[in-house]
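Engineer: Have a look at the structure that comes next, please.
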Amino acid sequence: MKLLDRLKTEVLTADGAMGTLLYAEGLDFCYEQLNIEKPDTIQEIHEQYIHAGADIIQTNTYSANSYKLARYGLEHRVKEFNEAGIEIAKRAAAPGGQFVLGTIGGIRSIRKSDATIDEVLSIVQQQADPLLAGNPDGLLLETYYDFEELTAVVKHLRQQTDIPLIAQVSMHDPGVLQNGLQLNDALHRLEDLGADVVGVNCRLGPYHTIQAFEGVELPKKAFLSAFPNASLLDVENGRIVYVSETDYYGRAARLLRDEGVRLIGGCCGTTPAHIVAVKSQLADLAPVTQKVVVPHKPIVIRDAEPPRYEPLYLKAKRERTILVELDTPRHLETENYFEGARQLQEAGAHAVTMADNSLASPRISNLAMASLVKHQDDIRPLVHITCRDHNLIGLQSHLMGLDALGIHDVLAVTGDPTKIGDFPGATDVYDVSSLELFQLIKKLNDGISFSGRPLRKKASFSVAGAFNPNVRVIDRAVKRLEKKIECGADYFITQPVYTKEKIIEIHEAVKHLDTPIFIGIMPLTTIRNAEFLHHEVPGIKLSDEVLERMRACGDNWEAATAEGILIAQELIDTAASLFNGIYLITPFLRYDMTVELVHYINQIDATAEREVHHATSTN
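Residue numbers (the UniProt record's numbering): 1 to 619.
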């Protein structure tokens, strides 16, 4: 009898974790490679699950795709590992006639930019071909956090084969997917796309998995599956452990059956002992054909409060808009900083931006300083957020804190690597890139957590992106901008530019975009400052003419300051004629220089306005 025929009348038991048993034996590397190097070990684990009562086993091929194997330099062995994986499983199952599922694991999680959907489908096809050639009883698609990826894979594979497809999502929170979709809706969509069994696996233990299924209606044609983790994970002496009594896990399987689940196995932390408990609880139990669904209680997501300020990107589309970067201090004396912020606002800066530990060197928290200048002096802050310093937990917490403080202007950047900063041994985080950070921030604007959980209120962030035009081929940099726009960037701030020609080149390269660009201009202070920027700071290049002009000032500090301001003013003349947005970067807390440049920009605009008025009056 085939798998789907059995599921019509029975509740079947699947196996548990493969990696958990290998990890317990001290094996902690590419498990799929063991299909070749230790096939007897893999077969023995399959047989342990069969002896425990599993009706179904899955191949040891969860990560046997080119994307994940590339971590070990094994991406060229996809066919070999999958062929061996299904051969071993079929050999183990042959005496008892257990079903064998070819396992294909998810690739994308929160990080969407690492692999496009087209790339995912190509990767999946490369893995599916040897698995299908091995004649499995079905394909198991498991641990898919990204629902867009899973739906695309189901649709693609349904066109390739008629064998059963088991499609399982993974949730960060019970009953809701990462994109905010309710589990019930997600499983029915998978059924509509042709999946024969739909369900969940990984991340959550039995308690939360049962809770999630309470709101799931029985499918019309498909069957439900559940492969919970043994429990929530813990760490003991640096090793991951799952603390769970097998009897408890077995009782949970019975409750899952009561929710209509017909295929029950185990994920992380489960062992043959857990499967014994599951089998004993499910023995002689018929499938549930009717159930009472606990209605989903909708959570109202309130709209964000009306913004106090017009978003900077909208303002820049209409008129001159001036941003000034004033990096927070690297020491604990703050009086000069606050005075500089006040003077910049009085001069006419529309927002004061604060970097997030620029050049990977620690400074006073920009969140703290932004809150102080906003609430003490009514200054509008624009806070930079790096992926380098914050994991996903920290990023969401940081952003939620900004929203609570009423700070809604942010710049999302990847961040300079720690190796260039004061603590080269510090850890770079990079859970996400700036592209994903744009998407996550816009998710908060929809009132949805990074994990998919409703946040009860929408945020109202406007998000800037960084733009480095100081490259050989600017068209490539513009392509990167276009990707950022697709991910949610509202406007862009450039690295400092030091030639009029580069400003004109930028204008020609971005004139097809409707997204405002703020041209970065940072006055030079000395020739040493100029040479440091030119030779050592990534993304900044000065012209020979600028270097010569600063070199001619020698050690005359006043002359160098004056020349630095003059160079900046000349650049502003060009930038102001082509762009509404000007981004002034304050060097070494020398806010006197940027104050003078803000006044200069305002004088340009005042003069232009007078000329327009005069011409209108004359006509």
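Ideal Cβ positions, reconstructed from N, Cα and C, are used throughout, including at glycine.
The alpha helix (DSSP H) spanning residue 485 covers which residue range?
Structural biologist: 474-487 is the span of the alpha helix (DSSP H), which, as asked, contains residue 485.
Engineer: Please return the same chain residues whose Cβ sits closer than 8 Å to the Cβ of residue 123, not counting the five positions on each side in sequence.
Structural biologist: For residue 123, where only same-chain residues beyond five positions count, the Cβ hits under 8 Å are 65, 66, 67, 107 and 115.
Engineer: Give the single residue among 103, 184, 586 and 165 whose Cα lies nearest to the Cα of residue 209.
Structural biologist: 184
Engineer: Enumerate, from N- to C-terminal direction, the unbroken alpha helix (DSSP H) stretches of 4 or more residues contained entirely within the region 142-217.
Structural biologist: 147-160, 183-192 and 206-213
Engineer: Is it buried or exposed for residue 455, if we count other Cβ within 10 angstroms and need 16 for buried?
Structural biologist: buried
Engineer: For a quick check, are the C-beta atoms of residue 134 and residue 86 less than 8 Å apart?
Structural biologist: yes
Engineer: Does the Cβ-Cβ distance between residue 326 and residue 340 come in under 8 Å?
Structural biologist: yes
Engineer: Give the secondary structure of residue 338 by DSSP, where H, G and I count as helix, E and B as strand, and everything else as coil.
Structural biologist: helix
Engineer: Could you give the C-beta distance for residue 105 and residue 62, rounded to a whole number, given that I count them as a contact under 8 Å?
Structural biologist: 4 Å
Engineer: List the endpoints of the continuous alpha helix (DSSP H) containing residue 438.
Structural biologist: 434-445
Engineer: Which one or two residues does DSSP pair with residue 58 in a beta bridge?
Structural biologist: 101
Engineer: So is residue 9 buried or exposed if we call it buried at 16+ other beta carbons inside 10 Å?
Structural biologist: exposed
Engineer: Would you identify the three-state DSSP class for residue 466, choosing helix, strand or coil?
Structural biologist: strand
Engineer: Under the rule that 16 or more other beta-carbon atoms within 10 Å means buried, what is residue 283, buried or exposed?
Structural biologist: exposed
Engineer: If you follow the beta strand (DSSP E) that residue 114 is in, where does it begin and where does it stop?
Structural biologist: Run containing residue 114: none; DSSP gives neither H nor E here.
Engineer: Does the Cβ of residue 71 have 16 or more other Cβ atoms within 10 Å, making it buried, or fewer, making it exposed?
Structural biologist: When all chains shown are included, residue 71 counts as exposed.
Engineer: Candidates 606, 272, 440 and 148: which alpha carbon is nearest residue 187's?
Structural biologist: Considering only alpha carbons, the answer is 148.
Engineer: Does the beta-carbon of residue 285 have 16 or more other beta-carbons within 10 angstroms, so that it is buried, or is it exposed?
Structural biologist: exposed
Engineer: Can you give the beta carbon distance from residue 50 to residue 89, rounded, assuming they're within the 8 Å contact cut?
Structural biologist: Their Cβ separation, rounded to whole angstroms, is 10 Å, which puts residue 50 and residue 89 out of contact at 8 Å.
Engineer: Have a look at residue 258 and residue 517 and give me their C-alpha separation to the nearest angstrom.
Structural biologist: As the crow flies, the alpha-carbon of residue 258 is around 58 Å from that of residue 517.
Engineer: Do residue 110 and residue 444 have their CB atoms nearer than 8 Å?
Structural biologist: Cβ distance not < 8 Å, so residue 110 and residue 444 don't count as in contact.
Engineer: Confirm the yes/no value for this check: CB of residue 520, any heavy atom of the ligand COA, distance under 7 Å.
Structural biologist: With respect to the ligand COA, the structure offers nothing, as it holds no ligand at all.
Engineer: Rounded to a whole number of angstroms, what is the C-alpha to C-alpha distance between residue 556 and residue 544?
Structural biologist: Going from the Cα of residue 556 to the Cα of residue 544 covers about 20 Å.
Engineer: Name the two residues that bound the continuous alpha helix (DSSP H) containing residue 40.
Structural biologist: 39-52
Engineer: Anyone know if the C-beta pair for residue 492 and residue 464 falls short of 8 Å?
Structural biologist: yes
Engineer: Give the range of the alpha helix (DSSP H) segment to which residue 565 is assigned.
Structural biologist: Per DSSP, residue 565 is one residue of the alpha helix (DSSP H) stretching across 557-578.
Engineer: Taking the runs of the beta strand (DSSP E) that are 3 residues or longer, which of them lie wholly in the region 503-541?
Structural biologist: 517-521
Engineer: Tell me, please, whether the region 72-80 touches the region 297-306 by the rule of three or more beta-carbon pairs shorter than 8 Å.
Structural biologist: no
Engineer: Could you check where the beta strand (DSSP E) with residue 657 kicks off and where it finishes?
Structural biologist: This structure does not reach residue 657, given that the chain is present from 1 up to 619, and the question cannot be answered.
Engineer: Going by C-alpha to C-alpha distance, which of 390, 534 and 604 sits closest to residue 550?
Structural biologist: 534
Engineer: Got a sec? Which residues, its chain only, sit under 7 Å from residue 478 by beta carbon, not counting five neighbours each side?
Structural biologist: 509 and 510
Engineer: Can you tell me the Cα-Cα spacing of residue 502 and residue 569, whole angstroms?
Structural biologist: 15 Å
Engineer: Can you say whether residue 1 is buried or exposed, counting buried as having 16 or more other CB atoms within 10 angstroms of its CB?
Structural biologist: The residue is exposed, with fewer than 16 neighbouring Cβ atoms inside 10 Å.
Engineer: Secondary structure at residue 263, three-state DSSP: helix, strand or coil?
Structural biologist: strand
Engineer: Among 359, 84 and 253, whose alpha-carbon lies nearest the alpha-carbon of residue 267?
Structural biologist: 253
Engineer: Please name the residue, chosen from 601, 31 and 7, that lies closest to residue 350 on a Cα-to-Cα basis.
Structural biologist: 601
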